[in-house]
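Below: one structure, written as structure tokens.
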Amino acid sequence: MIREQALALMQSRLKNKNLQKHVLAVAAVMKRLAARLGADAGTWELVGLLHDLDYEETLKDPDRHGLVSAEWLREQGVAEEIVQAVLAHANKAPRDVPINQAAFCADPVTGLLVACALIHPDKKLAGLDLPFVLNRFKEKRFAAGADRDRIRACEALGLSLEEFLGLALSAMQEIAGELGL
Numbered sequence: 235m236i237r238e239q240a241l242a243l244m245q246s247r248l249k250n251k252n253l254q255k256h257v258l259a260v261a262a263v264m265k266r267l268a269a270r271l272g273a274d275a276g277t278w279e280l281v282g283l284l285h286d287l288d289y290e291e292t293l294k295d296p297d298r299h300g301l302v303s304a305e306w307l308r309e310q311g312v313a314e315e316i317v318q319a320v321l322a323h324a325n326k327a328p329r330d331v332p333i334n335q336a337a338f339c340a341d342p343v344t345g346l347l348v349a350c351a352l353i354h355p356d357k358k359l360a361g362l363d364l365p366f367v368l369n370r371f372k373e374k375r376f377a378a379g380a381d382r383d384r385i386r387a388c389e390a391l392g393l394s395l396e397e398f399l400g401l402a403l404s405a406m407q408e409i410a411g412e413l414g415l
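All residue numbers for the sequence shown refer to the numbering used here, where the first residue is 235 and numbers rise by one.
This is the structure:
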């Protein structure tokens, strides 16, 4: 599967524009992580684009989140490496390889960064810097849905929290126009 096919599949399954933007953000972070870790950026980006494919369908049954996507992806003949990473982001597969671990921690960091942008005076990612993000990260009640333990799981990839947050912020700033931020 190539990026254009993944985008088309994602857009056919996800109608919510904010969810589509979230998926684009996760894809950008995954691609940047792959580049940093010497992995295949194209494959990792596909994981980001496909990770929430079943989100709208499984909204009322979150225990199925990831499992339905995996079934759809296998039907499409998508590489098992991608399927496993999609499962891992939803805690449905081991995080025993870097791509799985990356999907697990890239998902929540995008929510934290969007929340940071929305409370910033200009409401743009461009105005954010690492100290601002780190301060918000430390506030447990801020963006409470952005699971701090999952974000800290970046350490299993050999990245400090600071490096991971900086990398994710930079990746999202590069596509800020697509994200409307």
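We put the beta carbon where it would ideally sit given N, CA and C, even for glycine. Here the structure is a predicted model, which means the values were calculated and not measured.
In chain order, each alpha helix (DSSP H) run of at least 4 residues that lies wholly inside the segment 297-326: 301-309 and 314-323
Using DSSP with H/G/I as helix, E/B as strand and the rest coil, what is D286? coil
Do three or more CB pairs link the segment 351-371 to the segment 305-321 at distances below 8 Å? no
Between A327 and C339, what straight-line distance do the alpha-carbon atoms span, to the nearest angstrom? 14 Å
Where the alpha helix (DSSP H) containing K265 begins and where it ends: K251 to L271
Mapping the DSSP letters down to three states, classify R382 as helix, strand or coil. helix
Between the segment 370-386 and the segment 250-269, do at least 3 Cβ pairs fall closer than 8 Å? no
Outcome for D330 when other beta-carbon atoms lying within 10 angstroms are tallied against a minimum of 16: exposed
Alpha helix (DSSP H) segment containing S404, residue limits: L395 to E408
What are the boundary residues of the alpha helix (DSSP H) that E389 is part of? Neither: E389 is in no alpha helix (DSSP H) and is coded neither H nor E.
Taking the continuous alpha helix (DSSP H) assigned at R377, which residues delimit it? Here residue 377 turns out to be Ala, not Arg, going by the sequence shown. Neither: A377 is in no alpha helix (DSSP H) and is coded neither H nor E.
Between L347 and T292, what straight-line distance do the alpha-carbon atoms span, to the nearest angstrom? 25 Å
As assigned by DSSP and simplified to three states, the class of T292: coil
Taking all protein chains shown into account, decide if Q318 is buried (16 or more other Cβ within 10 angstroms of its Cβ) or exposed. buried
Return the first residue and the last residue of the alpha helix (DSSP H) that A340 is part of. P332 to I353
By DSSP, does K357 sit in helix, in strand, or in coil? coil
Three-state class that DSSP yields for P365 in the structure shown: helix
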